[in-house]
Every structure is written in structure tokens, then in C-alpha cells.
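Here the structure comes first, spelled out in C-alpha cells, and everything after it is commentary.
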Amino acid sequence: MTDTDTRASLAAIAVDALTIEEAQAELERLAGEIAEHDRRYHGEDAPTISDADYDALRRRNNEIEARYPELVRADSPSANVGAAPLETFSKIEHRVPMLSLDNAFTDEDVRDFVGRVRRFLKFDPLMGALAVTAEPKIDGLSLSLRYEKGQLIYAATRGDGTTGENVTANARTISDIPHTLKGDVPEVVEIRGEVYMAHADFQALNQRMEANGGKVFANPRNAAAGSLRQLNSEITASRPLKFFAYAWGDMSKLPSETQMGMVEQMAVWGFQINPLMKRCETVEDLLAVYHGIEEDRATLGYDIDGVVYKVDRLDLQQRLGFVSRSPRWAIAHKFPAEKAYTILNDIEIQVGRTGALTPVAKLEPVTVGGVVVSNATLHNEDYIKGIGQDGEPIRGGKDLRIGDTVQIQRAGDVIPQIVDVDLDKRKEGAVAFDFPTACPACGSHAVREENPKTGRLDAVRRCTGALICPAQATERLKHFVSRNAFDIEGFGDKQVDAFYADDLVKTAADIFTLEERDKQSLTKLRNREGWGAVSAKNLFEAINAKRNIDLHRLIFGLGIRHVGEGNAKLLARAYGSWQAFYEAMVKAHDKDGEAWEDLNAIDGIGHIVADAVTEFFAEEHNREQLDALLAQITPKQVEKIDASGSPVAGKTVVFTGSLERMTRDEAKAMAERLGAKVSGSVSKKTDLLVAGPGAGSKLKKAEELQIEVITEDGWFELVGA
Ligand code: IVH
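Counted the way my numbering counts, the sequence shown spans residues 1 to 721.
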């Protein structure tokens with residue numbers, strides 16, 4: 001038989017019947033063949049087999065690997081996680097979104113967290129202890145398990161928090177995940193927790209793979225993720241995955257009134273729960289648990305990256321609700337980040353879209369926690385000097401000089417920071433950094449404004465050349481066309497710089513008049529270097545496609561200070577239309593009347609944001625630019641949140657007097673969740689006044705205007721809470 005014949009005949013043998021030698025030869029054949037098909041498909045756009053046949057090749061490869069994990073090759077097609085295979089998991093929509101957690105980094109942050117919770121709930125010390133649980137934050141990937149009548153129905157990854165991947169077959173292979181729950185079980189139970197790999201199992205798996213020339217995983221988290229997201233569940237079955245239960249989603253009935261009670265119940269149902277979880281009554285106790293777990297971290301046998309604190313009482317969790325994507329009732333206290341030493345080669349000054357001069361450290365590249373770092377933030381000039389304006393050393397400030405040996409820290413996805421300087425290694429003659437007082441982009445004076453309230457200088461030096469500074473203008477435009485704003489295809493940083501330099505696009509409105517002007521122009525876009533008729537037409541189409549923009553994208557795209565995506569969404573939802581938003585912001589500038597109060601009454605919008613937005617609209621130049629832009633585009637109206645069935649959806653509600661069952665913040669958050677708009681004052685537009693004891697002028701006014709008035713109890717009855 002020829003070599004080709006042997007190979008062809010191997011392909012006919014069932015996976016179960018292959019000897020180890022045959023399996024090895026077959027894996028080699030499959031790796032080559034699949035790679036060749038990938039090349040034809042992706043590289044040449046000319047596949048030579050059907051999708052089904054291609055899938056069959058991959059499936060066979062995975063099945064052989066599951067049977068002989070020690071034979072997995074370095075170039076195995078199954079190592080391509082993240083590419084093709086993930087496309088094929090079906091999607092599952094989470095009935096209750098899977099939230100993420102806010103982070104705390106210092107003991108002080110934890111005190112702030114507990115303080116915030118107490119203030120929100122008006123939970124003063126006289127009301128006794130506020131119990132909070134503390135438990136390890138497992139470094140794996142989260143999974144949601146749905147049980148109906150005690151039987152596992154599906155398992156879904158977190159995905160984007162709203163929709164995850166259906167990994168049920170794989171989850172069933174994990175021995176910590178029961179197929180049937182024990183004991184008394186509600187009709188619907190959704191358990192959430194973390195899939196992870198223990199250190200010993202991770203090392204053994206990597207050794208097995210390495211010995212056979214296969215690829216190794218960088219860390220247990222990647223190994224757990226790569227193993228759970230396998231299309232072939234037999235491979236998952238061969239990987240030693242574990243699961244800790246710590247939270248829940250959709251539940252037909254809650255078996256306990258506390259976080260601790262719920263988790264203990266999970267153990268009764270048959271889950272593994274973390275033995276280090278504790279219930280604490282003071283911040284000091286929480287911190288003691290944190291530092292204790294931190295000390296034992298190396299001996300736990302699995303990776304953790306912090307400690308999670310959760311308010312214990314579920315009724316309080318309910319009252320606290322969540323902000324954006326994180327609950328107000330929980331926080332993750334992260335362990336300190338990984339560190340490394342390197343050289344500070346240079347300090348570069350970048351000019352942002354608000355004119356802020358930001359120093360950036362250019363570093364000799366160094367690996368910190370598995371990632372190569374070559375830039376770090378330097379915050380501002382005081383930070384580089386290490387001395388504040390009052391001559392006192394500043395917290396975190398370093399007296400940094402070019403050429404210094406510095407220690408870099410990376411924490412999660414936070415921008416790397418310089419945390420220390422090794423003064424023993426400082427070169428002789430190293431001079432202090434001279435922070436520029438002129439903008440490096442336009443030469444205008446760069447100044448530190450004085451805060452009129454405190455008399456102190458702003459930490460940030462800003463370019464005063466607002467309208468003439470090309471760096472500010474181009475940064476603003478880059479932000480305007482960026483992915484979460486207008487997201488104009490084919491219009492990125494490169495095009496902004498080029499069009500700005502050639503006077504084609506100086507303002508946002510110019511983007512939308514580009515096509516019209518191009519028709520009249522002698523130097524047409526299609527004749528520019530690197531452009532042609534097709535690319536020019538595509539760009540105009542991409543621009544036109546964004547004339548009907550979502551309101552929140554427009555608001556975000558304006559680049560107003562402190563208005564990120566989250567705040568832009570809050571504002572868009574609160575005002576519903578560009579017209580309403582624009583008029584309200586102009587009116588709110590008096591910082592006194594109803595418009596100002598309404599703005600501040602939006603849940604999640606604080607006075608810093610309110611100030612920034614109204615300042616932006618008060619600027620005549622900004623209004624002129626907005627008018628020009630709005631002549632070109634038609635922002636969409638915001639569809640009201642589906643609060644169908646809610647008796648207060650779309651109504652304007654005012655709360656007055658003292659409330660006894662909830663705080664003002666909670667009342668507002670609750671009403672907004674139910675689709676109502678909460679206002680601070682009574683007017684003809686008010687639909688409902690909720691009046692507690694001591695209500696005065698607002699109650700009187702409501703009665704005059706014949707507006708419906710109810711008590712706090714009446715409110716709970718109305719909304720059925
Ligand atoms: S609670 C609503 N508890 O951390 C709160 N999360 O940053 C839901 N995680 O996606 C999460 N250990 O994957 C919670 N003991 C723990 C955790 C934990 C790890 C992960 C989880 C979540 C992420 C949030």
C-alpha cells in the first residue's frame with residue numbers, strides 16, 4: 001500500500017477502534033487537512049469541501065483527542081479556540097442578567113462601600129449591625145445553570161451578561177454540577193457560580209499536553225475557559241473542571257432571606273460552596289477576613305483574585321438595586337496587582353479632546369503578569385514631581401526623572417501605573433522633568449485653572465487654544481466617529497487626521513456635508529492617494545447611514561466631560577428626544593429651576609455630571625456647532641423601557657414628605673425601574689404625588705392642580721411591591 005492509501009484507509013476506521021499509533025497518524029492527517037481547508041476557505045475564499053464535511057473532520061479530530069488527550073498536537077485544530085468553533089454554540093438569553101462587580105482596591109474603598117450602602121438605606125448605627133458576607137473571588141468563568149423541577153435544563157456562559165452560550169452538554173460532564181437537585185426544590189432554580197481548574201489539575205494537564213508536544217495553557221483560568229468552550233463535550237469531560245456556586249438568577253421561590261442562607265441552601269441541593277465564606281458585622285471584620293484569605297491565598301489550591309463582599313439581607317439587596325451593570329449591594333476587593341521593574345525611557349505629553357495635557361511614561365518594554373507593558377500613566381505634573389502645590393509630598397507622587405529605574409504595576413484591565421522608583425539606581429546628573437507650559441500641539445499657553453470654590457489649582461494643565469488647537473479638534477472628532485459613538489465605517493483616526501490637515505473636516509457637521517462639498521470640489525475624494533471611486537462612494541454611504549443616529553450615541557459622541565456611555569444612556573432615556581434634551585440642558589444652566597432639579601433627579605446622574613453637561617450647552621460656540629450638526633442629522637427618539645404592566649409607566653411622579661419604608665433614592669430608583677419619570681417639583685405635568693407625613697407646599701400645590709395624591713403605603717399597593 002502507498003502512504004496515501006494507508007491514510008485513506010485510516011480515515012475509515014471508527015474512533016473507538018483506532019490503536020494509539022493509528023490515532024497519532026490520524027491526528028496528523030486531520031491537522032494537515034483541516035489547515036489546508038482553512039487556508040482555502042479564509043485565504044482564497046475557495047473552499048473545496050462542504051461545511052458539513054469540514055465539520056465532520058473537526059468532530060473526528062476532537063473525538064480522537066478526547067480519547068487520547070496525551071496525543072493532542074501543538075498544531076491541533078482544536079487549539080484554535082476563539083475562531084470557528086465558538087460560532088457554533090447556540091445562544092441563550094439570561095432571564096435575569098448576569099451582572100458584574102465594582103472593584104475596591106484599598107481598605108478605604110471598602111469603608112466607602114459600606115458607608116455608601118448605609119447612607120443609601122439610611123441604615124444608621126442605632127438600627128444595629130449591617131451584616132455583610134465575605135468570600136473568595138474565584139478566578140475562573142461564570143456559568144448559569146437552570147433547573148426546572150430539580151432537573152438541569154441548560155447551562156449558559158455569561159456572554160455579554162444578557163446573552164450567553166449554550167454549553168449544557170459540557171457542563172453535564174463536570175462532577176460538581178448536579179444533574180438532579182437534592183431535597184426540597186422550588187419549581188425553577190437558576191444557580192450561578194464559577195467554573196475553575198485547581199492548580200494541581202492544571203499542572204497535570206499541562207504536563208500531559210507538553211509531554212506529547214501539545215500546546216500548554218498560560219494559566220488555570222484560560223485552561224478552564226478553553227475546556228468549557230469545546231464543541232466536543234468529550235474533551236470537556238477529559239478536563240478536570242470544578243464549580244463553586246455563589247449566586248442565583250431566576251427563582252420561582254427564594255428559600256432564604258439572606259445571602260448566607262441561600263448559599264447554605266445550595267450546599268443542601270448538592271453544590272460545592274466555598275468553605276471560606278463568612279458573615280461579618282463590621283468593616284473591620286470584613287477586612288480581617290480579606291487579609292486572612294490573602295495570607296492563605298498560595299495554599300488554597302486554586303486561583304482567586306480578591307474577596308467579594310455582599311450585603312447579607314436579601315430585602316436590603318432588593319432595595320439597593322444596581323447601577324449600570326453592577327449591584328449596589330456587592331463589591332469585589334481585589335488583591336494587589338503584579339509588579340515589575342523597568343527603565344523610564346521618556347515622558348511624552350499627549351493632548352486630549354478637552355485640552356488636558358497628559359504625561360505618559362514611555363518604558364523599556366517589560367512583562368508584567370503575562371502582558372508586555374511599554375506605556376504607563378503619569379497622571380499629571382504634580383505626580384511626576386512628587387510634590388503638591390502646597391509643597392507637601394503627594395500620595396503616590398514620585399519625583400520621576402528620565403532614565404530612572406521604576407516599578408510598574410498592572411491590576412486587571414486598569415492602565416499600568418508606576419508605583420515606585422529605585423533611587424539607588426538613579427543616574428548621576430538626572431534632572432527633574434520640566435513640564436511644558438505651552439501646548440505641544442498648537443503652542444498656546446497651557447495653564448492650571450484655579451478652582452473658584454477651593455482656591456486650589458486644578459491638577460491638570462490644559463491647553464487654552466480650544467478652537468485653534470488641532471490636537472483637541474482631532475481628538476474630539478476621533479471620539480465622535482468612534483465605535484460607541486457614530487461608529488462610521490472607514491472613518492477612523494487616520495482619516496480624521498488626514499481630512500483635518502487638508503481642511504476637509506474641521507467639525508462634526510463637516511462630516512455630513514462632505515459628499516455635497518465633494519460634488520462641487522475640483523479635488524475630489526476619489527482622486528486622493530489611496531482612494532478610488534468605490535472607496536469614496538462607500539465612505540459617503542457609511543456616513544449617510546448614520547444620519548439617523550441613536551440619541552445616546554449622539555450624546556456620548558459630543559465628548560462632554562464626565563459623560564461616558566453609561567451617563568449618555570441615562571440622559572437619552574430620561575429625555576427621550578434630542579429636542580427635549582437640548583431645551584432642558586439650556587434651561588438647566590440657571591442651576592435653580594425645575595429643569596436643573598429634573599436633571600439632578602435622574603438616578604445615576606450626580607452634580608458633577610449635571611454641571612459638566614449644562615456648562616457644555618451654555619457655551620455659545622458649542623450650541624452653534626450643535627445647530628450645524630443637527631441640520632444634517634435626525635437622532636432617533638428613545639423607545640420607552642418596556643415596563644408594560646406597570647401602572648406608573650410613562651407617568652411623572654413626585655415624592656414628598658418623609659418616607660418611612662424607603663429612602664428618597666430608593667423611591668426614585670424604584671419608580672424609574674417601573675418606567676416612571678421622577679421629578680423634584682409639582683407642576684401641571686405631574687401625574688402622581690406620593691406624600692409622606694410632613695408634606696407641605698408640594699402637597700398643597702398638587703391639591704390645587706387636582707393631581708392624584710397617595711400615601712407611601714398607597715404607592716406600594718399601586719405598584720404591587
Ligand atoms: S457575585 C451580582 N461572587 O466575578 C453579582 N462573583 O466581577 C454576581 N466571581 O462575573 C457575582 N467569584 O464571574 C460573585 N464569589 C463570587 C465570585 C464572583 C468570582 C466573578 C464572576 C463575576 C465576576 C464579577
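Think of the CB as a built atom: it goes at the ideal place given N, C-alpha and C, for glycine as much as any other residue.
- Residue state for residue 151 is assigned as strand, using DSSP reduced to three classes.
- With a threshold of 16 other beta carbon atoms within 10 Å, residue 185 meets it and is buried.
- Every residue whose beta carbon comes nearer than 5 Å to a heavy atom of ligand 1 appears here in chain order: 99, 100, 101, 135, 137, 138, 142, 194, 246, 247, 308 and 327.
- The beta-bridge partner set that DSSP reports for residue 166 consists of 156.
- In terms of CA proximity to residue 125, 283 leads the group 402, 668 and 283.
- The count of Cβ pairs closer than 8 Å, one atom from the stretch 419 to 427 and one from the stretch 357 to 371, stays below three, leaving the stretches out of contact.
- Between the stretch 272 to 282 and the stretch 198 to 208 there are fewer than three C-beta pairs closer than 8 Å, too few to call the two in contact.
- Between residue 169 and residue 233, the alpha-carbon positions lie close to 6 Å from each other.
- The three-state secondary structure of residue 546, taken from DSSP, is coil.
- Cβ neighbours of residue 553 within its own chain (closer than 8 Å, five residues either side excluded): 484, 485, 486, 487 and 568.
- Shown here, residue 577 sits in coil according to DSSP, grouped into three states, outside any helix or strand.
- Taking C-beta atoms under 8 Å as the contact rule, residue 659 and residue 508 fail to qualify, at a distance of about 44 Å.
- Within the DSSP secondary-structure output, residue 322 pairs in a beta bridge with 327.
- At least 8 Å separates the beta-carbon of residue 555 from that of residue 512.
- Contact annotation: residue 654 and residue 634 have beta-carbon atoms that are not nearer than 8 Å.
- Its Cα nearest to that of residue 471, the residue 439 stands out among 439, 481 and 453.
- Annotation for residue 407: 339, 341, 419 and 420 place their beta carbon closer than 6 Å to its own, counting only its chain and skipping 5 residues before and after.
- Judged by their CB atoms, residue 190 and residue 249 are nearer to each other than the 8 Å cut-off.
- The stretch 512 to 530 makes no contact with the stretch 456 to 463, as fewer than three CB pairs between them are under 8 Å.
- Residue 69 holds the alpha-carbon nearest to the alpha-carbon of residue 227 among 709, 13, 69 and 104.
- Here residue 142 carries a strand assignment [DSSP, helix/strand/coil].
- The Cβ atoms of residue 551 and residue 572 lie closer than 8 Å to each other.
- Here the stretch 90 to 98 does not lie against the stretch 255 to 275, with fewer than 3 beta-carbon pairs under 8 Å apart.
- Per DSSP, the beta-bridge partners of residue 307 are 136 and 333.
- Under the DSSP assignment, residue 408 falls in the beta strand (DSSP E) whose first and last residues are 405 to 410.
- In the DSSP annotation of this structure, residue 222 is not part of any beta strand (DSSP E); the continuous alpha helix (DSSP H) holding it starts and ends at 220 to 228.
- Following the DSSP letters along the chain, one finds residue 350 inside the beta strand (DSSP E) bounded by residues 338 to 351.
- In the DSSP assignment, residue 249 falls within the beta strand (DSSP E) that extends over 242 to 251.
- Between the C-alpha atoms of residue 141 and residue 164 there is a straight-line separation of about 12 Å.
- Taking a C-beta distance under 8 Å as the contact criterion, residue 104 and residue 331 qualify as a contact pair.
- Checking the DSSP bridge columns, you'll see residue 689 partnered with 654 and 709.
- Using a Cβ distance threshold of 8 Å, residue 266 and residue 245 count as a contacting pair.
- Annotated three-state conformation of residue 115 is helix, per DSSP.
- Put simply, of 589, 604, 159 and 583 the residue whose alpha carbon is nearest the alpha carbon of residue 565 is 604.
- Each residue's CA atom was taken as its position, placing residue 10 and residue 207 some 28 Å apart.
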